[in-house]
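Trainee: Have a look at this one.
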Amino acid sequence: SQQGEEDPQALSIQEGENATMNCSYKTSINNLQWYRQNSGRGLVHLILIRSNEREKHSGRLRVTLDTSKKSSSLLITASRAADTASYFCATDRARGGGADGLTFGKGTHLIIQP
Amino acid sequence: AAGVIQSPRHLIKEKRETATLKCYPIPRHDTVYWYQQGPGQDPQFLISFYEKMQSDKGSIPDRFSAQQFSDYHSELNMSSLELGDSALYFCASSHTSGGANEQFFGPGTRLTVL
Numbered sequence: 001s002q003q004g005e006e007d008p009q010a011l012s013i014q015e016g017e018n019a020t021m022n023c024s025y026k027t028s029i030n031n032l033q034w035y036r037q038n039s040g041r042g043l044v045h046l047i048l049i050r051s052n053e054r055e056k057h058s059g060r061l062r063v064t065l066d067t068s069k070k071s072s073s074l075l076i077t078a079s080r081a082a083d084t085a086s087y088f089c090a091t092d093r094a095r096g097g098g099a100d101g102l103t104f105g106k107g108t109h110l111i112i113q114p
Numbered sequence: 115a116a117g118v119i120q121s122p123r124h125l126i127k128e129k130r131e132t133a134t135l136k137c138y139p140i141p142r143h144d145t146v147y148w149y150q151q152g153p154g155q156d157p158q159f160l161i162s163f164y165e166k167m168q169s170d171k172g173s174i175p176d177r178f179s180a181q182q183f184s185d186y187h188s189e190l191n192m193s194s195l196e197l198g199d200s201a202l203y204f205c206a207s208s209h210t211s212g213g214a215n216e217q218f219f220g221p222g223t224r225l226t227v228l
């Protein structure tokens with residue numbers, strides 16, 4: 001079964017509004033990462049939050065992590081048309097030792113209406 | 115800043131042919147990862163290498179093999195290609211010995227099997 005599940009699958013908002021995307025996962029993790037992907041393009045790393053962190057900020061991005069609920073959220077504030085993309089959360093498997101492959105969620109397709 | 119380099123960017127092959135994809139990690143990164151992303155799908159982890167040794171294994175078909183060389187670049191070899199192998203293939207790299215599994219992705223190779 002899918003480790004990461006994004007919610008919602010699609011989100012359309014007006015430019016300037018805030019966008020919130022959620023991710024749930026099933027197993028223990030070392031860290032959770034968020035990526036952005038424009039259609040058919042590469043994955044751009046946005047932010048990594050470790051399992052012992054609860055909140056992290058980077059510019060207009062705010063990520064939270066609740067390991068007790070196995071969930072994370074990504075908030076993009078003051079959205080811009082250029083934020084239109086698919087957003088994925090990705091988790092490792094807490095094997096220890098690093099170099100773990102990531103398990104991606106299905107992604108949220110975000111559309112910012114000008 | 116230098117990014118992950120993948121070549122070729124586009125590749126067209128016939129069924130049952132072979133293909134080799136190449137990946138050059140970010141300088142000083144010691145780990146490479148391979149992912150496959152089908153149309154409209156989330157990326158699926160295939161395999162990873164840390165310091166030239168296989169580290170983690172995902173859903174890589176037996177027809178595929180990979181290795182990491184002494185200069186840390188990696189190659190993904192795909193044999194007996196099938197129509198279903200048509201996908202975007204991403205390589206990512208990380209500095210695992212630095213303690214975090216923050217993976218940075220290349221632009222991908224789009225493989226089309228006819």
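Chains as they are written, first to last, in the working numbering: chain A, 1 to 114; chain B, 115 to 228.
We treat Cβ as the ideally placed atom computed from N, Cα and C, and that holds for glycine.
No experiment lies behind these values; they were computed from the predicted model shown.
For G220 (chain B), is the classification buried or exposed, using 16 other Cβ atoms within 10 angstroms of its Cβ as the cut-off for buried?
Mentor: With 16 or more other Cβ atoms within 10 Å, it is buried.
Trainee: Please list, in chain order, the chain A residues whose beta carbon lies closer than 7 Å to that of D156 (chain B).
Mentor: Within chain A, the residues near D156 (chain B) are F88, F104, G105, K106, G107.
Trainee: Assess, as a yes-or-no matter, whether the segment 187–198 of chain B is touched by the segment 128–137 of chain B under the definition of 3 or more beta carbon pairs within less than 8 Å.
Mentor: Yes: the two stretches touch, three or more of their Cβ pairs being nearer than 8 Å.
Trainee: Determine, using beta carbons only, whether S72 (chain A) and T64 (chain A) come nearer to each other than 9 Å.
Mentor: Closer than 9 Å, so yes.
Trainee: Do you know how far the Cα of L48 (chain A) is from the Cα of V146 (chain B)?
Mentor: For V146 (chain B) and L48 (chain A), the distance between alpha carbons rounds to 18 Å.
Trainee: Let's test the definition: count the other Cβ atoms within 10 Å of the Cβ of R36 (chain A) and tell me whether it reaches 16, buried, or not, exposed.
Mentor: Per the 10 Å Cβ criterion, buried.
Trainee: Leaving out five residues on either side along the sequence, give the residues of the same chain with a beta carbon under 6 Å from the beta carbon of N191 (chain B).
Mentor: Cβ neighbours of N191 (chain B) beyond the five flanking positions: T134, S179.
Trainee: State the start and end residues of the unbroken beta strand (DSSP E) segment that holds I112 (chain A).
Mentor: Where I112 (chain A) is concerned, the enclosing beta strand (DSSP E) stretches over 108–113.
Trainee: Where do the ends of the beta strand (DSSP E) carrying V118 (chain B) lie?
Mentor: Premise fails: V118 (chain B) is in no beta strand (DSSP E) and is neither H nor E.
Trainee: Assign T91 (chain A) to buried or exposed, taking buried as 16 or more other Cβ atoms, counted over all protein chains shown, within 10 Å of its Cβ.
Mentor: Per the 10 Å Cβ criterion, buried.
Trainee: Can you give the beta carbon distance from G89 (chain A) to L32 (chain A), rounded, assuming they're within the 8 Å contact cut?
Mentor: Looking at the sequence itself, residue 89 (chain A) is Cys, so the reference to Gly does not match. That pair is a contact at about 6 Å.
Trainee: Tell me the residue span of the beta strand (DSSP E) that contains E6 (chain A).
Mentor: Note, E6 (chain A): beta strand (DSSP E), 5–7.
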